[in-house]
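Participant: Just so you know, the protein sequences line up as chains A and B, in that order.
Heads up: the first sequence begins at -12 in our numbering, then just goes up one per residue.
Heads up: the second sequence begins at -12 in our numbering, then just goes up one per residue.
My questions all concern the structure below.
Number of protein chains: 2
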Amino acid sequence: MTAPVNGSARGRAPEGYDKYAFEPFAVTVDLAVLTLRAGTLHVLLVERGHEPYAGRWALPGGFVLPDESAERAARRELAEETGLSDVSGLHLEQLRTYSEPDRDPRMRVVSVAFAALLPHAPEPHGGGDAAQAQWLRYNALGPLAFDHDRILADAHDRVGAKLEYSCIATAFCPPEFTLGELRQVYETVWGTALDPPNFRRKVLATPGFVEPVPGAARLTGGRGKPAALYRAGTADTLHPPLLRPTTSVSPASPPSSPSPSSPTPSSPSQSPPSPSSPEGRPA
Amino acid sequence: MTAPVNGSARGRAPEGYDKYAFEPFAVTVDLAVLTLRAGTLHVLLVERGHEPYAGRWALPGGFVLPDESAERAARRELAEETGLSDVSGLHLEQLRTYSEPDRDPRMRVVSVAFAALLPHAPEPHGGGDAAQAQWLRYNALGPLAFDHDRILADAHDRVGAKLEYSCIATAFCPPEFTLGELRQVYETVWGTALDPPNFRRKVLATPGFVEPVPGAARLTGGRGKPAALYRAGTADTLHPPLLRPTTSVSPASPPSSPSPSSPTPSSPSQSPPSPSSPEGRPA
DNA sequence: ACAAAAGTGTTAGCTGTACACCCATGG
DNA sequence: CCATGGGTGTACAGCTAACACTTTTGT
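Right under this line is the structure:
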């Protein structure tokens, strides 16, 4: 049901029932804003200036206003926090809703969490207010405020899982990018090295994943042969999926990371690997 | 942020701010309770007795109470609606949260949707109240109340996707089941026929998916050779995944259903195939 | 005896993986 | 001219898909 049909109110479903009959719930959004800076995963965090958790880092977010959906609220907050003008094209994904009664000691706060993926990282808004916002390395985080550790870990899991079977990797890339940059997205989020030739073939074999920039455009990231440029395609799903390596070891096997690039996808204060989260294709 | 740090309230984050400063939000849960009856997918629905949408079928659900999480509320509602005594072992999965401001004409209702998977279908509670609850065939539904069509379609997508890479199929089966019954879960939800020998091998090759019931137990579903019985294993992920057939046709290709069993997985009044939903591994 | 479902075996074709190799550029 | 990264080719392992075939029951 959508409204007044629950255990006690069942069947009495009034027309204009008392809106204030129940203890009020605050509905907020929390954003896990992820980007790649210098080849490592970064998260946008704000420093809390007040109790509870004064001085701790927390995910940006805020109240859902009376006339907007959670998605709209998330996009508005994203624009405010990052200072970006057009947030409309950015990838925003609803993670899940966190509703434990004691997650905020002050009152009942139900929070709809989102993951946002940004191409390049503009310096955060640093709005005139007290709270400072900053990009921090995902791998070097202390415990966050509230249950934001768990939310962030869930966001990382979800993004990692979606890389396997969707095209969201391009959401981390600028409008034009090389296949090497695209591969770095996978390697950074997964914390594993990928075989460049095979990665290239996989991506190009998927119809709408990327499309070449026709002009013999090229660009260099330093030394080496100039790479061709690509734009994000129209497809949003990957067939067949691009599975993580290290996979297929069925029995127990801790996250042995034979990756030479990133040390380990160690989450900040990673709550359990969240096999219980409502998504997150393990692998 | 979890509470008072949003655009306008940023930085002022008071200790005991006015709980009633905002228009109140009602927080509810909606349940898409799925089960298999006679080889077809069924959904638990309640008939609305009042406006809006009087006479229409709707998903069961209700308010989240002040001291419980959405998950707890969902499980409580599930117990109430199905009349089952121990709902603790049943598979419950948070889908996503629906928060469009106009989704309920009476007031602002934010609803956390869940999908529940039941093994066998007890006749619904049919509690003494006015609203009657009933199992209805998923393929023969008229438009539901509110945005419940979309929620139900999202639930179906999610369950279909999770069958590919998780072991939730056993959640539809009784404690002991045959591999034929397990295969029927896949065939019914996906609307496609699977090759029994290959399905068998896939399942048995996955370590923790199912485990044989040691006693030379067997059971018959009618004619044919008696089948061995299995119990659900401890694993919750499938490696490698059990992908849907009809897959791998990359370009446009409407849901051509070459399935001899189910006619088509046609959703009730299926909103767009929801490539936009926050999960749902297409295929 | 026949139909139906369980279960075993076998094989052709595809895909992923690993790795060798060539190309173009900066230092 | 060497290191570095882009890009191509190729061969082997493993898996999937398709289907033939045997087993065991009910009618």
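We put the beta carbon where it would ideally sit given N, CA and C, even for glycine.
Bear in mind the structure is a predicted one, so any value in this text is a computation, not a measurement.
To the nearest angstrom, report how far apart Leu82 (chain B) and Ser153 (chain B) are at their CA atoms.
Facilitator: 16 Å
Participant: For Asp182 (chain B), is the classification buried or exposed, using 16 other Cβ atoms within 10 angstroms of its Cβ as the cut-off for buried?
Facilitator: Under this definition Asp182 (chain B) is an exposed residue.
Participant: CB-CB under 6 Å to Ser248 (chain A), same chain, minus the five flanking residues each way: which ones, in chain order?
Facilitator: The pLDDT assigned to Ser248 (chain A) is 37, lower than 50, so where the model puts this residue is not dependable; a value taken from the coordinates is nonetheless given after this. Here the set comprises Glu174 and Ala180.
Participant: Could you tell me which whole beta strand (DSSP E) segments of length 3 or greater appear in the region 42 to 112 of chain A?
Facilitator: Given a length threshold of 3 residues, each whole run of the beta strand (DSSP E) inside the region 42 to 112 of chain A is given here in chain order: 48 to 50, 78 to 85 and 96 to 105.
Participant: Which chain B residues sit within Cβ distance under 7 Å of Phe12 (chain A)?
Facilitator: Within chain B, the residues placing a beta-carbon under 7 Å from that of Phe12 (chain A) are Phe12 and Val14, ordered along the chain.
Participant: Return yes when the Cβ of Gly48 (chain A) is within less than 7 Å of the Cβ of Val96 (chain A), no when it is not.
Facilitator: no
Participant: Is Thr193 (chain A) helix, strand or coil when you go by DSSP?
Facilitator: DSSP, reduced to helix, strand and coil, places Thr193 (chain A) outside both helices and strands of the structure shown, so it counts as coil.
Participant: Below 8 Å on C-beta distance, what does Ala158 (chain A) contact in chain B?
Facilitator: What Ala158 (chain A) touches in chain B: nothing, since even the nearest Cβ is about 14 Å away.
Participant: Could you give the DSSP three-state label for Leu21 (chain A): helix, strand or coil?
Facilitator: If DSSP states are grouped into helix, strand and coil, Leu21 (chain A) belongs with the strands.
Participant: Pull up the CB-CB distance for Leu71 (chain A) and Pro109 (chain A), whole angstroms please, since I reckon it's below 8 Å.
Facilitator: 6 Å
Participant: Is Ala239 (chain A) helix, strand or coil when you go by DSSP?
Facilitator: Unreliable positioning characterises Ala239 (chain A) in this predicted model, as indicated by a pLDDT of 36, which lies under 50. The coordinate reading is nonetheless provided below. Residue state, collapsed to three classes: coil.
Participant: Which first and last residues belong to the alpha helix (DSSP H) in which Gln121 (chain A) is found?
Facilitator: DSSP places Gln121 (chain A) outside any alpha helix (DSSP H); the residue lies instead in the beta strand (DSSP E), whose first and last residues are Ala120 to Arg124.
Participant: Express the C-alpha separation of Leu28 (chain A) and Leu229 (chain A) in angstroms, rounding to a whole number.
Facilitator: 20 Å
Participant: Short of 8 Å in beta carbon distance, which residues of its chain neighbour Lys189 (chain B), apart from the five on each side in sequence? Order them along the chain.
Facilitator: Exclusion of the five residues before and after Lys189 (chain B) leaves Leu229 as the residues of its chain whose Cβ lies within less than 8 Å of its Cβ.
Participant: For Gly220 (chain A) and Trp177 (chain A), I'd like the C-alpha separation in whole angstroms.
Facilitator: So the alpha carbons of these two residues sit roughly 22 Å apart.
Participant: Using DSSP with H/G/I as helix, E/B as strand and the rest coil, what is Val200 (chain A)?
Facilitator: Val200 (chain A) carries a coil assignment under DSSP once its states are collapsed to helix, strand and coil.
Participant: What does Ala142 (chain A) pair with, by DSSP beta-bridge criteria?
Facilitator: Residue pairing by DSSP leaves Ala142 (chain A) without any beta bridge partner.
Participant: Buried or exposed: Ser75 (chain B), going by 16 or more other Cβ atoms within 10 Å of its Cβ?
Facilitator: exposed
Participant: Given this structure, state the Cα-to-Cα distance separating Phe296 (chain A) from Ala61 (chain A), to the nearest angstrom.
Facilitator: Chain A is shown from -12 up to 270; residue 296 (chain A) falls before or after that span and cannot be answered.
Participant: Compare the C-beta of Pro88 (chain B) against all C-beta atoms of chain A and say whether one is closer than 7 Å.
Facilitator: True, the Cβ-Cβ gap to chain A drops below 7 Å.
Participant: Should Arg24 (chain B) go down as buried or exposed, given a rule of 16 or more other Cβ atoms within 10 Å for buried?
Facilitator: Counting Cβ neighbours within 10 Å, Arg24 (chain B) comes out exposed, since fewer than 16 surround it.
Participant: Per DSSP, what kind of secondary structure is His135 (chain B) in: helix, strand or coil?
Facilitator: DSSP places His135 (chain B) in helix when its eight states are reduced to three.
Participant: From the DSSP output, in three-state form, read off Ala127 (chain A) for me.
Facilitator: In the three-state DSSP reduction, Ala127 (chain A) falls in the coil class, being neither helix nor strand.
Participant: Would Ser75 (chain B) count as contacting chain A if we go by Cβ distances under 7 Å?
Facilitator: no
Participant: Under the rule that 16 or more other beta-carbon atoms within 10 Å means buried, what is Pro11 (chain B), buried or exposed?
Facilitator: buried
Participant: Could you say which of B:His226, B:Ala13 and B:Leu32 lies nearest to Ala127 (chain B) if we only look at CA atoms?
Facilitator: B:Leu32
Participant: Between Asp54 (chain A) and chain B, is any beta-carbon pair separated by less than 7 Å?
Facilitator: yes
Participant: With a threshold of 16 other CB atoms inside 10 Å of the CB of Arg124 (chain B), please say whether the residue is buried or exposed.
Facilitator: exposed
Participant: In the structure shown, what three-state DSSP assignment does Glu38 (chain A) receive?
Facilitator: Three-state result, Glu38 (chain A): coil.
Participant: Does any residue of chain B bring its CB to less than 7 Å from the CB of Ala57 (chain A)?
Facilitator: yes
Participant: With a threshold of 7 Å between beta carbons, is Val197 (chain A) in contact with chain B?
Facilitator: no
Participant: Give every residue of the same chain whose Cβ lies closer than 8 Å to the Cβ of Ala41 (chain B), excluding the five residues on either side of it in the sequence, and list them in chain order.
Facilitator: Arg35
Participant: For Ala227 (chain A), tell me which candidate among A:Thr165, A:Phe186 and A:Glu38 has the shortest Cα-Cα distance.
Facilitator: The sequence shown places Pro at residue 227 (chain A), not Ala. Checking every option, the nearest Cα to that of Pro227 (chain A) belongs to A:Phe186.
Participant: In or out: Ala140 (chain B) buried (at least 16 other Cβ within 10 Å) or exposed?
Facilitator: Counting the other CB atoms within 10 Å of its CB gives Ala140 (chain B) a total of 16 or more, which places it among the buried residues.
Participant: Can you tell me which of the three DSSP states Gly115 (chain B) falls into?
Facilitator: Because Gly115 (chain B) sits at a pLDDT of 48, beneath the cut-off of 50, its placement in the model cannot be relied upon, and the following sentence gives the value as read from the coordinates. It is coil, neither helix nor strand.
Participant: How is the alpha helix (DSSP H) around Arg231 (chain B) delimited, first residue to last?
Facilitator: Where Arg231 (chain B) is concerned, there is no enclosing alpha helix (DSSP H), because DSSP gives it neither an H nor an E.
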